[in-house]
Each structure stands twice: as structure tokens, then as C-alpha cells.
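Everything below concerns the one structure shown next.
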Amino acid sequence: VVLLFLTMMLSFTGYLLPWDQIAYWAITIGSNMAGYAPLLNTPSKLLLLGGLEVGQNTLLRFYVLHVMVLPLLAAVFLAVHFWRIRKDGGISGPL
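Numbering (my numbering), first residue to last: 14 to 108.
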């Protein structure tokens, strides 16, 4: 489940990097959705945007997420996943 979430976040942040009108409105809608989250509404929106509105800080944050943070997390969780497969004996053969 974590790897699926990381893959979706990598896709979303990569979708925003061209910084055109589609990316701008995707960031606006995504941040508004995060702003309506039940637990972390305003802090999560401010954390994503880097301010009160979409701007250069937002682009920098999504670039760093896409290039550094999310690939590192994905590599760690993939390593744990492969370690668990190896530890548990791998995939069983055909029946």
C-alpha cells in the first residue's frame, strides 16, 4: 500500500513539473483537497504550497519531492519489500 501511494505521489509531482496551466490548476485542486482533509487541513495545505498561494516555492517543493524525497522513500520501501520476499522464501512455484 505504501509503495502504491509513493508511486501515485511520484506521478502527481512529475505531472506538475512542466509548470503550465494544467499543472497550475492541478496544484490548486490538489492543495484545496489537502486543505479539506479532516485532520491536517490548513497545515498540510501550507506545507504543500510553501505559502498561502501557488508560486515558485510550490514548484521548488514539488521538484525536491519528485527528485529526492519520494525516490529515496521508494527505494527504502522496495528494499524492505525485496528483503521480506527473500526472508519468507520467495514466491511459491506453480501448483
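In this text, a Cβ means the ideal position worked out from N, Cα and C, and glycines have one as well.
Cα-Cα separation, residue 99 to residue 56: Cα to Cα, the separation comes out at about 40 Å.
Cβ-Cβ distance between residue 79 and residue 26 below 8 Å: Contact flag set, yes.
Burial state of residue 97 (16 or more Cβ within 10 Å): Under this definition residue 97 is an exposed residue.
Beta-carbon contacts of residue 15 that lie in its chain and below 8 Å, excluding the five residues immediately before and after: Listed in chain order, the non-local C-beta contacts of residue 15 below 8 Å within the same chain comprise 90, local neighbours out to five positions each way being set aside.
Separation of residue 48 from residue 30, as counted between CA atoms: Each residue's Cα considered, the two are about 21 Å apart.
Alpha carbon of residue 65 to alpha carbon of residue 59, nearest angstrom: Distance between the alpha carbons of residue 65 and residue 59: 6 Å.
Nearest-angstrom Cα separation, counted from residue 17 out to residue 41: Answer to the nearest angstrom: the Cα atoms are 23 Å apart.
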